[in-house]
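A.B. asks:
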Amino acid sequence: MSTAEGRMTSQTGAPIGQTPIPRASTEDDNATIGQLVGDLTQDLSRLLRQELELAKAEIRQEATKAGKATGMLAAAGFAGYMTAVLLSLAAVFGLAYLIGLGWAALVVAVLWGIAGAVLYSSGRTRLRTVSPKPERTIETLKEDAAWLRHPTS
Numbered sequence: 360m361s362t363a364e365g366r367m368t369s370q371t372g373a374p375i376g377q378t379p380i381p382r383a384s385t386e387d388d389n390a391t392i393g394q395l396v397g398d399l400t401q402d403l404s405r406l407l408r409q410e411l412e413l414a415k416a417e418i419r420q421e422a423t424k425a426g427k428a429t430g431m432l433a434a435a436g437f438a439g440y441m442t443a444v445l446l447s448l449a450a451v452f453g454l455a456y457l458i459g460l461g462w463a464a465l466v467v468a469v470l471w472g473i474a475g476a477v478l479y480s481s482g483r484t485r486l487r488t489v490s491p492k493p494e495r496t497i498e499t500l501k502e503d504a505a506w507l508r509h510p511t512s
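Everything in the sequence shown is counted per the numbering used here, starting at 360 for the first residue and increasing by one.
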């Protein structure tokens with residue numbers, strides 16, 4: 360018998376006169392660990408589902424905002440188009456006082472044709488520099504595959 364804080368205890372550690380609480384067997388420990396692992400798995404699964412639902416909701420919200428912004432940009436593009444048409448008409452009628460209506464329309468049309476040709480040439484040149492393959496992604500995937508083959512190197 361030993362004393363701990365002035366109380367007498369038996370070899371099992373229980374106070375004298377009280378029955379010691381039996382220790383759970385190994386099978387109970389395994390069942391408890393199994394239950395804990397099962398609970399953990401369920402919690403992780405629930406957490407992942409909730410995170411996925413949150414991500415879906417955020418994506419839906421952002422897609423709605425992007426759709427509205429795209430609509431505004433399309434409307435701005437149409438307004439710009441109408442502005443260009445009306446300014447072109449104004450230029451035609453303004454030049455008509457100097458060189459006649461037919462010639463004025465021809466001059467404005469040629470100016471628009473030149474602008475279109477320059478934009479086409481510039482866009483075509485830039486389009487040729489576009490690579491359809493994601494080069495950096497392919498390179499990092501190759502590096503990841505190499506690391507997976509030899510993780511210690």
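Where a beta carbon is used, it is the ideal one built from N, C-alpha and C, also for glycine.
Since the model is a prediction, treat every value here as computed from it, not as a measurement.
Terminal residues of the continuous alpha helix (DSSP H) containing V489?
C.D. replies: Looking up residue 489 in the sequence shown gives position 130. Premise fails: V489 is in no alpha helix (DSSP H) and is neither H nor E.
A.B. asks: Quick check on I459: does DSSP put it in helix, strand or coil?
C.D. replies: The count along the sequence shown starts at 1 and reaches residue 459 at position 100. Correcting the residue type first, residue 459 is Gly in the shown sequence and not Ile. G459 falls in the coil class under three-state DSSP.
A.B. asks: For T429 and T391, what's the separation of their Cα atoms in angstroms?
C.D. replies: To locate residue 429, count along the sequence shown from 1; it is residue 70. To locate residue 391, count along the sequence shown from 1; it is residue 32. Between T429 and T391, the C-alpha separation is close to 56 Å.
A.B. asks: Would the beta-carbon of A455 fall within 8 Å of that of A463?
C.D. replies: What you label residue 455 is simply residue 96 of the sequence shown in a count that begins at 1. What you label residue 463 is simply residue 104 of the sequence shown in a count that begins at 1. Yes, Cβ-Cβ distance for A455 and A463 is below 8 Å.
A.B. asks: Pop quiz: W524 and S490 are said to be a contact at Cβ under 8 Å. What is the actual Cβ separation, rounded to whole angstroms?
C.D. replies: There is simply no residue 524 to check, as the chain begins at 360 and stops at 512 in what is shown.
A.B. asks: Kindly indicate which three-state DSSP category Q420 falls into: helix, strand or coil?
C.D. replies: Position 61 of the sequence shown, counted from the start, is the residue given in the question as residue 420. DSSP places Q420 in helix when its eight states are reduced to three.
A.B. asks: Count the other CB atoms within 10 Å of the CB of V467; is the residue buried (16 or more) or exposed (fewer)?
C.D. replies: Within the sequence shown, numbered from 1, the residue matching residue 467 stands at position 108. Buried is the call here.
A.B. asks: Can you grab the Cα-Cα spacing for the pair L403 / G397, in whole Å?
C.D. replies: Against the sequence shown, residue 403 aligns to sequence position 44. Against the sequence shown, residue 397 aligns to sequence position 38. Cα to Cα, L403 sits roughly 10 Å from G397.
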